[in-house]
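Chemist: So the sequence shown is numbered by our numbering: it starts at 12 and just counts up by one.
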Amino acid sequence: MEIKKYSELVALNQAAANFFLISARTAVARQGAFHVALSGGSTPQALYELLATPEYAETVPWEKVHIYFGDERSVPPDHKESNYRMAYDALLRHVPIPESQIHRIKAECNDVHSAATDYSQQLRDCLPSGVNGEVEFDLILLGVGPDGHTASLFPKTDILHEHKALVAAVYVEDKATWRVSLTFPVLNQARQLLFLVAGSNKAEVVSKVLNNTANEAVFPVQQIKNRQQLWLIDQAAAELLK
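Here you go:
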């Protein structure tokens with residue numbers, strides 16, 4: 012695990028964009044494609060908008076990029092709360108990525124469990140396999156909430172105990188909504204995890220998780236065991252770090 016702190020969000024986003032670019036080029040050189048899962052939220056939105064500028068729109072090998080999503084709400088793809096819509100508006104419609112290489116979670120259907128099963132199969136069909144034969148993302152972008160959730164792996168939900176399925180549906184009672192999310196096995200298998208964390212409301216969870224004092228039962232993000240984690244944190248989120 013590597014932790015980098017930034018005094019300004021602009022610098023954090025620049026570092027994230029550069030990491031994205033290097034990861035994409037490295038993956039394409041290794042295997043001819045770059046498989047990345049995007050996250051929702053305001054912090055990654057700023058990153059996506061930066062990636063859409065000429066500096067990155069013209070240098071990332073977009074024609075070789077496959078886009079996936081870490082989680083999705085059970086809403087239509089044009090809904091204001093859709094992670095796909097946010098990523099599409101901020102980034103995807105501005106870069107030369109083939110439509111067939113944008114793999115969204117179709118969580119708007121009536122059966123979210125079927126949506127999760129379908130997305131699991133799509134991952135098996137499209138992603139390369141790691142050394143243990145399991146599917147392997149090149150990069151997964153993640154955030155963390157004040158409650159310690161990441162993707163849609165929320166506290167006190169059944170999905171936290173899912174150790175076989177790649178993708179699962181989860182009902183988040185506090186938000187009264189169904190979601191579809193990648194599971195811990197997929198996060199732990201990825202080549203790289205990139206966490207983008209900003210804001211003083213994240214300071215407590217950042218301190219407990221990165222100082223390794225968090226209870227896994229309370230903060231789900233602590234259940235991630237992947238050693239290839241890069242945390243980019245702004246000054247406000249890092250204020251309680253030792």
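Glycine included, each C-beta is placed from N, C-alpha and C at the ideal position.
#1: Would you mind working out which of A98, F31 and L61 sits nearest P72, comparing C-alpha positions?
#2: With Q239 and R202 assumed to form a contact (beta carbons below 8 Å), what rounded beta-carbon distance in angstroms separates them?
#3: What is the DSSP secondary structure of K16, reduced to helix, strand or coil?
#4: If we cut at 8 Å on Cβ distances, does F30 have a partner in chain B?
#5: Give, in chain order, every unbroken run of the beta strand (DSSP E) that is at least 3 residues long and sits entirely within the stretch 157–232.
#6: Taking the beta strand (DSSP E) that E254 falls in, what are its first and last residues?
#7: For the candidate residues E83, F148 and I244, whose alpha-carbon lies nearest to that of E119?
#8: Going straight from the alpha carbon of A40 to that of P139, what length do you get?
#9: Inspect the beta-carbon positions of E60 and P107 and report whether they are closer than 8 Å.
#10: Could you check the C-alpha separation between S125 and K253 for me, to the nearest Å?
#11: So, helix, strand or coil for V146, using DSSP?
#12: Look up S10 in the DSSP assignment and say whether it is helix, strand or coil.
#13: Here's the rule: buried if 16 or more other CB atoms are within 10 angstroms of the residue's CB, otherwise exposed. What is K186?
#14: Determine the extent of the alpha helix (DSSP H) in which Q56 is found, giving its start and end residues.
#15: If you measure between the beta carbons of W189 and S85, is that distance less than 8 Å?
#16: So, F80 versus L49, is the Cβ gap smaller than 8 Å?
#17: L171 and V146 - do their beta-carbons sit closer together than 8 Å?
#18: From the DSSP secondary-structure annotation, give me the bridge partner or partners of V76.
#19: Straight-line CA distance for Y95 to A180?
#20: Give the straight-line distance between the Cα atoms of E215 and T161, rounded to the nearest whole angstrom.
#21: If V191 sits next to Y130, beta carbons under 8 Å apart, how far is it from one beta carbon to the other, in whole angstroms?
#22: For D245, report the span of its beta strand (DSSP E) as first-last.
#23: Would you identify the three-state DSSP class for I116, choosing helix, strand or coil?
#24: Hey, could you find the ends of the alpha helix (DSSP H) E66 is sitting in?
Modeler: Per the coordinate set shown:
#1: Reading the sequence shown from its first residue, position 61 is the one you call residue 72. Cα-wise, what sits closest to P72 is F31.
#2: The residue given as residue 239 occupies position 228 in the sequence shown. The residue given as residue 202 occupies position 191 in the sequence shown. Their Cβ separation, rounded to whole angstroms, is 6 Å, which keeps Q239 and R202 in contact under 8 Å.
#3: As a position in the sequence shown, residue 16 is number 5, starting the count at 1. If DSSP states are grouped into helix, strand and coil, K16 belongs with the strands.
#4: The displayed structure is made up of one protein chain only, and chain B is not part of it.
#5: 178–183, 188–193 and 204–208
#6: Any answer about residue 254 is impossible in this case: the structure gives the chain only from 12 up to 253.
#7: What you label residue 119 is simply residue 108 of the sequence shown in a count that begins at 1. Cα-wise, what sits closest to E119 is E83.
#8: In the sequence shown, counting from the first residue as 1, residue 40 sits at position 29. In the sequence shown, counting from the first residue as 1, residue 139 sits at position 128. Their backbone Cα atoms lie some 14 Å apart in a straight line.
#9: The residue given as residue 60 occupies position 49 in the sequence shown. The residue given as residue 107 occupies position 96 in the sequence shown. Against a cut-off of 8 Å, the Cβ pair of P107 and E60 comes out as no contact.
#10: Sequence index remark: in the sequence shown, residue 125 carries index 114 (1-based). Sequence index remark: in the sequence shown, residue 253 carries index 242 (1-based). Near 44 Å, if we compare the C-alpha coordinates of K253 and S125.
#11: Reading the sequence shown from its first residue, position 135 is the one you call residue 146. Reduced to three states, the DSSP call for V146 is strand.
#12: No answer is possible for residue 10: it lies beyond the span of the chain, which begins at 12 and ends at 253.
#13: Translated into the one-based positions of the sequence shown, residue 186 becomes position 175. With fewer than 16 Cβ atoms within 10 Å of its Cβ, K186 is classed as exposed.
#14: As a working mapping, residue 56 is identified with position 45 in the sequence shown. Element bounds for Q56: S53 to L62.
#15: Within the sequence shown, numbered from 1, the residue matching residue 189 stands at position 178. Within the sequence shown, numbered from 1, the residue matching residue 85 stands at position 74. A contact, by the Cβ cut-off of 8 Å.
#16: The residue labelled residue 80 in the question sits at position 69 within the sequence shown. The residue labelled residue 49 in the question sits at position 38 within the sequence shown. Yes.
#17: As a working note, residue 146 is residue 135 in the sequence shown. As a working note, residue 171 is residue 160 in the sequence shown. For V146 and L171, no; Cβs fall outside 8 Å.
#18: If you number the sequence shown from 1, residue 76 lands on position 65. DSSP output for V76 lists F45 as bridge partner(s).
#19: Here residue 95 refers to the residue found at position 84 of the sequence shown. Here residue 180 refers to the residue found at position 169 of the sequence shown. Computed Cα separation, rounded: 17 Å.
#20: Mapped onto the sequence shown, residue 215 falls at position 204. Mapped onto the sequence shown, residue 161 falls at position 150. Taking the straight line from one Cα to the other gives about 15 Å.
#21: Start at 1 with the first residue of the sequence shown, and residue 191 comes out as number 180. Start at 1 with the first residue of the sequence shown, and residue 130 comes out as number 119. Correct: roughly 7 Å between the Cβ atoms.
#22: Position 234 of the sequence shown holds residue 245. It spans Q240 to D245 - the beta strand (DSSP E) in which D245 sits, taken as one unbroken run.
#23: Locating residue 116 in the sequence shown gives position 105, counting from the first residue. The answer is coil: DSSP assigns I116 none of H, G, I, E or B.
#24: By one-based count along the sequence shown, residue 66 stands at place 55. Looking at the DSSP string, the run of the alpha helix (DSSP H) that includes E66 is P65 to A68.
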